[in-house]
Amino acid sequence: MSENTPMVRLHEVTKHYPGAAVPAVLPLSMDIALGEFVVLVGPSGCGKTTTLRMINRLVEPTGGEIWIDGKDVTHSDPDELRRHIGYVIQQVGLIPHMTINQNVGLVPKMLGWNKSRTAERTRELLELVGLQPEHGERYPKQLSGGQQQRVGVARALAADPPIMLMDEPFGAIDPVTRDRLQDEFLRLQERIKKTIVFVTHDINEALKLGDRIAIFAEGSRLAQFATPLELLTNPADDFVTSFIGEGAAIRRLSLLHVGDLRLVANPGLAANVEVGPGDTVAQALERALGRGVSAVQVTGVGPVAVQDLLLASSTPGPAALGAGS
Amino acid sequence: MTATVVSSAGVEELGKETGGRTAFWLLPAIAAALTIGQLAWVRTADLDSIEERSLTNDVVLGNLWEHVQLVVISTAVVVAIGVPLGILLSRRAARHLRAPVLVVANAGQAIPSIGILVLLALIFGVGFKMAVIALVAYALLPILRNTIIGLQQVDEFIIDAARGMGLSRGEILRRVELPLAVPVILAGVRVSLILNVGVATLATYTNAGGLGDLIERGIVLNRMPILVTGCVLTIALALMVDWVAGVAEKLLSPKGL
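So the protein lines, in turn, are chains A and B. FYI, the numbering for the first sequence is 285 to 609, going by this note's numbering. FYI, the numbering for the second sequence is 5 to 261, going by this note's numbering.
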């Protein structure tokens, strides 16, 4: 396996259900790199969940090839394949008559791990997803929805699979908890560096979580597959523009880093709000607005007027913006 | 149709409300009181010689024991046939067979059991075995149906998640579907048991014994004490069987549901 071998490769994959007039998934090709967080997003019925479920072959593709980690798994033993791919669904699907420990330890047990290793791993995973060891002795229905989905994530991670497939995992959770779980999951991903394929219909969730986002249009057309910043800056077509919705320019500000902008210092300004190159423009603005100042001190550049910061962040560019307004 | 999915939930709820312990022992207490009361009355009553001969301990306990055997053996056979058949019929591959088999099982219950008993006796002769066959035909439906329903009501997302984790179809059946179907299957067993307690009184017509002997003799000889003894013991047995089945349901159902 070379550095460039994609972790997941879909090559001309199609799904055509018998009796259906149109295919659920048109020939689709997609490469997902090791450690990449890819979000599949689109309206209902666009084939994003079907695509996800073809990766672990819960849905058998009608045509094309699926490669995992450099191996063609299109015709391998599906149960064996799935034991090495984490799978999380919106409804969680914990097994109700098994305790949390038993649920999390099920795949390790099937893989033949001994008891102490499984118990150790289970304890470690519960801690990783923010649960207490005593939660392990409870049954799923004794936990809240948010706690259950933490267990769902822990269970998917149990055998340390390199790939995680997640089908709207936070879709059924209240907005406040969802936001917290998303933040926690991003922090978790920084530690575990899994290759993640994540399905959602919520473009904001996609923009928040994904390294790259695949926007599906009706009829399973892959409208654009790009980074969040690229999507907001250069939407491929009208569908992508309308799917992203209002406020693309504002949303870009939380993805743009100050260090990426071409800024010109204005030495005449007094600025005592410090901003680093790793901060996003949104964070810089937040600080400036919070303090009521019109300039910020950008590390390595010097004092910059908030207005200049905004113009440098604008799309498609300062000149056009000026002409337009 | 829906009556075959009898759950004990109502009884348990009642138990919780009225102080579990009293409710828990209520049925066996009634059954014991009925049995003891009846036997005490028989011993003290002024019986004629026919009544005395029909109500000795040997006769009464013998009939009771025959009755219990009829019920237990026929229910065991029904479980041995109904549960595996229900599992097979619940599989996707067998979904076309489900309706016809249920129609036949339904018919088994719709036909009056006295009809089956007499027909079987005419064709195959009388005896214990024939009575068991008739009881099996009659009691198959609740267990068959509840096995199918119990397996089908398992949340599809639980099965999807289990498949996604790499459990094979067989492992899903064994570790997920069957344990989750146990309460519903046991409810079916309970219904079958109780049906069989009642229907087994008819076994007397195929010379298979049971408490039906006492009832039938009481009617034919016009002897109230014999008739009443048969009836009261049947009722007490039904109550006990229901109670034991309920306790078994509670003990055998998986935790966490």
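Every residue, glycine too, gets a C-beta built ideally from N, C-alpha and C. Small disclaimer: the values here were computed from a predicted structure and weren't measured.
With 16 other Cβ atoms within 10 Å as the buried cut-off, status of Lys332(A): By the Cβ neighbour-count rule, Lys332(A) is buried, with 16 or more other Cβ atoms within 10 Å of its own.
Residue-level contact to chain A via CB, Ile162(B), 7 Å cutoff: It does; some Cβ of chain A falls within 7 Å.
Option nearest Tyr371(A) by Cα separation, candidates Trp351(A), Arg535(A), Gly436(A) and Glu558(A): Closest by alpha carbon: Gly436(A).
Buried versus exposed, by CB contacts within 10 Å (16 or more), Glu421(A): Here Glu421(A) is exposed, its C-beta having fewer than 16 other C-beta atoms within 10 Å.
Between the CA atoms of Gly202(B) and Thr22(B) - distance to the nearest angstrom: Interpretation of Thr22(B) is limited by its pLDDT of 48, a score under 50 that renders its predicted location unreliable; the figure taken from the coordinates is listed afterwards. Their Cα atoms are separated by approximately 29 Å.
Cβ-based contacts, 9 Å cut-off: residues of the region 417–432 of chain A near chain B: Hits within the stretch, in order: Arg422, Tyr423, Pro424, Lys425 and Gln426.
Boundaries (first-last residue) of the beta strand (DSSP E) holding Trp351(A): Segment Gly347 to Ile352, the beta strand (DSSP E) holding Trp351(A).
Helix, strand or coil at Leu427(A) [DSSP, three-state]: Three-state result, Leu427(A): coil.
Chain A within 7 Å of Ala165(B), Cβ atoms only: Contact of Ala165(B) with chain A is assigned, a C-beta pair being separated by under 7 Å.
Residues of the region 477–495 of chain A whose Cβ lies closer than 7 Å to any Cβ of chain B, in chain order: Answer in chain order: no residues at all.
Leu155(B) and Ser94(B) closer than 7 Å at C-beta: With contacts defined by Cβ atoms closer than 7 Å, Leu155(B) and Ser94(B) form a contacting pair.
Burial state of Tyr301(A) (16 or more Cβ within 10 Å): By the neighbour-count criterion, in which a residue is buried when 16 or more other Cβ atoms sit within 10 angstroms of its Cβ, Tyr301(A) is exposed.
Distance, Lys477(A) Cα to Lys355(A) Cα: Roughly 20 Å separates the two Cα atoms.
Proximity of Val188(B) and Ile147(B) at Cβ, strictly below 7 Å: No, these two residues do not count as a Cβ contact at 7 Å.
Limits of the beta strand (DSSP E) - the one that Glu296(A) falls within: Glu296(A) -> beta strand (DSSP E) spans Val292 to Lys299.
8 Å Cβ cut-off: residues of chain A touching Lys254(B): Close to Lys254(B), with beta-carbon spacing below 8 Å, lies no residue of chain A; the smallest spacing is near 14 Å.
Reduced DSSP secondary structure (H/G/I, E/B, other) of Phe509(A): Look at Phe509(A) here: in three-state DSSP terms it is strand.
Helix, strand or coil at Ser328(A) according to DSSP, with G and I counted as helix: Ser328(A) falls in the coil class under three-state DSSP.
For Met450(A) and Ile413(A), believed in contact at Cβ under 8 Å, the rounded distance: Looking at the sequence provided, one finds Val at residue 413(A) rather than Ile. Between Met450(A) and Val413(A) the Cβ distance is about 13 Å, and since that is not below 8 Å, they are no contact.
Residues in the region 182–194 of chain B having any Cβ partner in chain A nearer than 7 Å: The residues in question are Pro183 and Leu184.
Cutoff 7 Å: Leu342(A) Cβ touching any chain B Cβ: Answer yes: the Cβ-Cβ gap between Leu342(A) and chain B drops below 7 Å somewhere.
CA-to-CA distance, Val357(A) to Ser196(B), given in whole angstroms: About 49 Å.
Three-pair Cβ contact test at 8 Å for the region 539–551 of chain A versus the region 561–570 of chain A: Yes, the region 539–551 of chain A is in contact with the region 561–570 of chain A.
Ordered list of beta strand (DSSP E) runs contained in the region 128–192 of chain B, each at least 3 residues: Residue ranges of uninterrupted beta strand (DSSP E) with 3 or more members are absent from the region 128–192 of chain B; none lies entirely inside it.
For Gly494(A), three-class secondary structure by DSSP: Looking at Gly494(A) - three-state DSSP - the assignment turns out to be coil, as it is neither helix nor strand.
Interface partners of Ile352(A) on chain B, CB under 9 Å: By Cβ distance, chain B contributes nothing, its closest Cβ being about 14 Å from Ile352(A), past 9 Å.
The region 520–539 of chain A: positions lying closer than 7 Å to chain B by Cβ: Of all residues in the region 520–539 of chain A, none is placed with a Cβ closer than 7 Å to any Cβ belonging to chain B.
Pick from Ser117(B), Cys235(B) and Ser257(B) that is closest to Leu43(B), judged by C-alpha positions: Ranking Ser117(B), Cys235(B) and Ser257(B) by Cα distance to Leu43(B) puts Cys235(B) first.
Rounded straight-line distance, which links the Cα of Arg575(A) to that of Lys393(A): C-alpha of Lys393(A) to C-alpha of Arg575(A): approximately 56 Å in a straight line.
Span of the alpha helix (DSSP H) around Pro32(B): From DSSP, the alpha helix (DSSP H) with Pro32(B) extends over Gly24 to Thr48.
Neighbour flag for Ile373(A) against chain B, beta carbons, 7 Å: True, the Cβ-Cβ gap to chain B drops below 7 Å.
Cβ of Arg434(A) within 7 Å of any chain B Cβ: Chain B contact via Cβ: absent.
Cα-Cα separation, Arg471(A) to Leu324(A): When rounded, the distance between both Cα atoms is 20 Å.
Exposure of Val588(A), with buried meaning 16 or more beta-carbon neighbours within 10 Å: Buried is the call here.
Same chain, Cβ closer than 6 Å to Asn211(B), neighbours up to 5 away in sequence not counted: The answer, listed in chain order, is Val130.
is_contact[Gly168(B), chain E] using C-beta, thresh 7 Å: Although the question refers to chain E, the structure presented lacks it and instead comprises the protein chains A and B.
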